[in-house]
Amino acid sequence: MTKTYLMNGFIEKMQSQDQDFRYMGLSDLMKEIKADPQSYFGDEAMEMKVLRQVLSLVEDKISEVKNQAVKCLGQLIKIIRESQMEFVVDNLIQFTSSKDEELRDIAGLALKTITSELPQDGAIAPMACAKLIPKLLSQGSSSETTPETLIESLSILSILVTRFPTFVAKLNIEPSPVQILAPLLSHPRPAVRKRAITTIAHFIPLSSPQIFAALSASEIGPNLAPSANVEKQRTTVQFVAAIARASPQLVAVASNDIVPGILNALRRDDDEIREGSLQALDALVLKCPAEVTPFLSNIIQAANQFIKYDPNYTGDVDEDEEMAEDADDEDAELDDEYSDEEDTSYKIRRSATKLLGAIIGTRPELLISLYKEVSPVLISRFGDREETVRLEVWATYVALLTQTSVYAGGPQSKDAVGVKRKRDEGELSVEDNAYSLLQSQVPSLAKALLNQLKPPKTSPVTLQAAFALLRTLLNALPGCLSNQTAAIVTISKSVLSQPPTNSTATLHISCLQFLSLFFYTHPPPTFTGFLSTLTPALQKALGERHPRVASETFRLFSSLLNAMKPVKNQDWVESVYSEAIQRLSKNDTDAEVRAAAEDVIADLWICATDVVKGKDKKEWEYICRTSGRTDNAVKAVAKVAADVDVGVQWINDSVEWALTLLKRSGRAGKVELFECLSVLIAQYETVPTDLPVVLVPQLKSYLSTSDISLLSQSLSILALLLQSSPKVTFPEVEREVLKDIYAIARSPLLSGAALDALLSFFSTLVEADSQIAVHVLPSLVSSVDNAPKSEVSLPNVAKCVAQVVKSAHGVAAGAIAEFSRHIKSSSKATPSRVVLSFLVLGEVGRFIDMSPQQDVFNRAIEEFNAEQEEVRFAASFASGNIAVGNLHHFLPALVKIVELDDQKRLLALHALKEVVTYTSHGQLENITELLWGPLFENSENAEESTRNVAAACIGKLITMHPARYLPQIHARLRDEKATTRATVLSAVRYTFAEPSQSYDEVIAPHILDFLSLMLDEDLNVRRLALSAFNAAARTKPHLIRDHLPTLLPTLYKETALKPDLIRVVQMGPWTHKVDDGLEARKTAYETLYTLLDTCLSKIDLTEFISHVLVGLADNSDEIKVICHMMLFRLSQIAPTAVAQHLNEVTPLLEASMKGPNIGKDTVKQELERAAELQRSTLRAIAALSKISSAGTSSRFDTLLAELRKSSQWGVELNDLVGA
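The sequence shown begins at 1 in the UniProt record's numbering and counts up one residue at a time.
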């Protein structure tokens, strides 16, 4: 079918007299364009004919047809030619000036649609902006334009400027859009003024500061004066709020004039001005935090005043609680005097509440003041007669409690933000912190809140918000509601007594979650006396059909069981057990309910053992099923097996069930299954003889490095079997899996827990049969010979050999002799065999005194001069660890080399590092004096690698005798040699790695001196100082918190890109830029990330975030990734503060998501690095999306929408957001 024929068919339908045909013609055209955009193109005359016909239907008499024509234009605008786009725009603008109101409205809708649908990339968007904006601005400046048309034009301008700020900024429009639209701020129609405020605010960031200054002088300053016209002042305060949100940096400059003007405007007796002024202050607090700081006290005072503003209610605040029950009757009496619809004072109270919320969300340093000045006022308004205000007050208090949990450091913390210490005369110092203030206010808070809850009279929304507040309170201050138990039980019983419906199920769930937390955080005597009142309603909830209600009730009983452990003489235990059995016995039980029932059965066995032990154990038949999802059942079985002696038969049945599950394909649930098996096997006094025979062959498939976690657990189970039943297990292991394990032992992929499990296996293997050690050693060595070099880790093999020798001392002499043979000068052994031999001798020498084998040590020293680097370092490893076995005999020789031999010094230092690392604390104390002098004196002028090794040893020695050695390195802080200062800092950094607090008091007075070397003139010293700062922040945050005001400015300075440290290097025909400051800058950002976790309460978030923004624009992808991680973390702990910077963050995230420019020289590694940066960016965007409410940042909303539509990133983004 030809394109012309197809288009003619659509036109024929669109010209039909039948409205349904016209509608279908438009629909068919849209479907065709979506399926194949090229179907529209062909003969240009035909394209225009189609376009004219669609435009003609915008004027159709039938609304459905007109709306469909608008949608069709939204699709066409993405693909039509430039000349056609101009034709469409001209016609639609002409329609918007029509006297026909309906046509005017539909044309405005059409323009909104096409501007919203314009693609972000390509040539159409810039052309549309260049065409539309001048025409729309001319409409805005024309006195003949109707108010309705003005509103539509301003809306379309807002869409264009928010979607395409870059294109709009490039348009050379004189006078500027701000100057053109400014007169609309005085338009007689409030709706026009309101729309003009929004549109002008969007244009201001693209205008010059001079234009804003002129606007401020003409519109803002005069209209904030006390004598200003009321209408103009209303507009001005709204205008200030809009500009503060869109372009805070401009308002910040004039804040000293603007903020006092708004505070004065609050005194005017006009509700609309008051509401607008409070909203403006809200925006200024959020967007200009530094500039409003001097005015915060007055702002808080104003918010506290107007949160109580209720001129139509004469009752005393203190009487609110008593009057609440009669509120409905009073309202009926007052109906004759005034209508609620006329009362707008609630808007002022709500705005004041939001203003307090903004201060709470961005000023954690004021927590003490907020609890003293704001918290009592908020509590007094818990009973506001307007529900929306009441809910806003509660939400604001939730924010205060959340800030307390994040920043106050726990009820007993002394490192919390805003801790004040005061000393009363004759008394010890008393801590005055946020938690103590909250604790003192809990009685009034609970009374005020609980008095508002009168179910079923109180709406579900209000009840749900109240339970959310109570949950947050308990999370912040566990156990604080003991005195309110009776009221809580009464309210909860009333809520749970009502059968849950689709609309009230969420309320039931909120109530159950709160009760669960209540039981968990309070001692049993608090609530046991009330259980008889509450449990009937809870038992009824157990049987509810709604799965979420039933599952939450089971979780509540689990919480109750754990709180009351051991549970005896409680009638409800039987009913919970019966209901759980009933749920588990049915195949159609919801998965969430089944999991919760399995958990409660496990808790019943652990907490009410005497009650359920006499049962028939029927529940385990239902739990231990082999179909469906079994991961939670596995956890339940493991939980019970670890805590309760159920009986040998139960263990046997459970092991048999677990072995059946083990045969399933796939990895899902295997980790938990192996953990369960380990727990079950550990409960046997005597392992059944048939278990190893069945289990060992099944484990064979998991003995592979393809899944290190399962490998580790498999080896642990084998070790457990060898330990519990060696005679039966050993033959099975030797026959089925030992060869596979030899291959695994050489793998470089093994480390950490997996390597520990492997060593434990070899230990138990040798202990199970002492004769096997003779065969294991050569088998381990031969596994190395038969494998490619890239697949071999000689250190791992050496550790395994040493573990065998350690567990079977009888083979030690033979093993030492065998491996010593390969290191002799006359040996023909390959370099890899020599390396392995040295590594084995070192591992063995650590626990066996090898002074009788002096020639081995001497040979290791000789090999310090070997040609191959790996041989030299293996010899160093061996000499150091042999010295550990007999310090008195071998150590002096190593120290002498450090002192006298320049060529061997580095390797000798590596050997000493082994000595310092593996020597026991008691022995190390005896040799510190011997090591200290040579280590420090011979490392000052050495190369960096030597210095680092020496510094690691020095750091360890400092922790042995801090009082003796810290003053010595402190004295060298100002040494004229940069290498000496570098050694000092490296040593201090290693000292911080020691978790012990035994030397904290000694180092605390000097820590600022060490870290002040961040200001050193030498770049390497600065980098090491930053690294030391990072180490201190991670392991010793309590030592640096009080010094952060001094340290942070220097740290922030190091995050800046320094052009003088960038040099150009010629590499053949190419030039390459080398940034010598990159490592220091990266370390600075890593330190910021660490501080975010350990010293949050001492950080000014506004300044901190500004440096994160700088990092997002850095040239280094690594720094960008660190900043993405900080954004992710900040979005969790400081969502309000971060949300205010979305406009600034978005362009930087967009740039990171674009990917590399692919050319002929692009290599695979570049593409992989770019893809990793994009994924890192996507994780940050997903985190930010959770804190961005619609309208917070239109640019971020656009980016998010584009990514959701993206075929490349859409699915991944949705997964991250849902995670």
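Just so it is clear, CB atoms sit at the ideal spot from N, CA and C, and this is done for glycine as well.
None of the values given here were measured: they were computed from a predicted structure.
Whole angstroms is fine: what's the gap from residue i's alpha carbon to residue j's?
i       : j       : result
LEU520  : ALA541  : The residue asked about is misnamed: residue 520 is Tyr in this sequence, not Leu. Roughly 19 Å between the two C-alpha positions.
LEU906  : LEU900  : 12 Å
HIS775  : GLN853  : 24 Å
VAL898  : ILE772  : 42 Å
TRP657  : PRO1156 : 53 Å
PRO547  : GLN582  : 14 Å
LYS727  : LEU755  : 25 Å
GLY752  : ASN796  : 11 Å
PRO37   : LEU157  : 28 Å
ASN298  : SER277  : 13 Å
THR553  : THR404  : 29 Å
ILE491  : ARG363  : 35 Å
HIS202  : PHE212  : 12 Å
LEU661  : LEU985  : 55 Å
TYR999  : VAL1145 : 43 Å
ARG1063 : ASP1076 : 8 Å
GLU685  : ILE969  : 57 Å
PHE467  : GLY361  : 21 Å
LYS739  : ARG833  : 21 Å
List the whole-angstrom C-beta distance separating residue i from residue j, where the pair is believed to meet the contact cut-off of C-beta under 8 Å.
i            : j       : result
VAL1211      : ALA1182 : 12 Å between Cβ atoms; not a contact.
VAL835       : VAL784  : In fact, because the Cβ distance is near 10 Å, the residues do not count as touching under 8 Å.
VAL549       : PRO478  : Actually they do not touch by this definition, with Cβ atoms about 25 Å apart.
THR1055      : ALA1084 : 5 Å
ILE262       : ILE220  : Wrong, their Cβ atoms sit about 10 Å apart, outside the cutoff.
residue 1220 : ALA757  : A query on residue 1220 cannot be resolved here, the shown segment of the chain reaching from 1 to 1219 and no further.
GLY955       : ALA987  : 5 Å
ALA1139      : ILE1187 : 5 Å
ALA110       : VAL70   : 4 Å
VAL251       : VAL240  : 7 Å
PRO289       : THR980  : Between THR980 and PRO289 the Cβ distance is about 43 Å, and since that is not below 8 Å, they are no contact.
GLU32        : GLY74   : Not really, about 15 Å apart at Cβ, beyond 8 Å.
Report all residues from its chain with a CB closer than 7 Å to the CB of residue i; omit the five preceding and five following residues, and keep chain order.
i      : result
ILE848 : ALA812 and GLY885
LEU561 : VAL567, ASP603, LEU604, CYS607 and ALA608
LEU780 : TYR742, ALA745, VAL797, CYS800 and VAL801
LYS61  : none
Which residue comes first and which comes last in the beta strand (DSSP E) that contains residue i?
i       : result
THR1071 : 1070-1075
ARG1063 : 1062-1067
Can you give me the start and stop residues for the alpha helix (DSSP H) that residue i sits inside?
i            : result
ILE1119      : 1117-1133
PHE382       : Run containing PHE382: none; DSSP gives neither H nor E here.
GLY361       : 345-362
SER558       : 547-564
ASN298       : 296-306
VAL374       : Segment: none, VAL374 is in no alpha helix (DSSP H) and carries neither H nor E.
GLN238       : 230-246
LYS639       : 631-643
residue 1284 : This structure gives no information on residue 1284, because the portion of the chain shown stretches from 1 to 1219.
Among residues of its own chain, excluding the 5 on either side of residue i, which ones have a beta-carbon nearer than 6 Å to its beta-carbon?
i      : result
LEU470 : PHE514
PHE762 : CYS800, GLN803 and VAL804
GLY357 : THR396 and ALA399
GLY842 : PHE877, ALA878 and ASN881
For residue i and chain D, any beta-carbon pair shorter than 8 Å?
i      : result
THR991 : Here chain D cannot be found, since the structure has a single protein chain.
Tell me which same chain residues have a C-beta within less than 8 Å of the C-beta of residue i, skipping the five on either side of it?
i            : result
PRO934       : VAL895, VAL898 and GLU899
residue 1247 : Limits of the chain in this structure are 1 at one end and 1219 at the other, which puts residue 1247 out of reach.
Are the stretch 135-154 and the stretch 98-108 touching, with three or more C-beta to C-beta distances below 8 Å?
yes
Do three or more CB pairs link the stretch 633-650 to the stretch 667-678 at distances below 8 Å? yes
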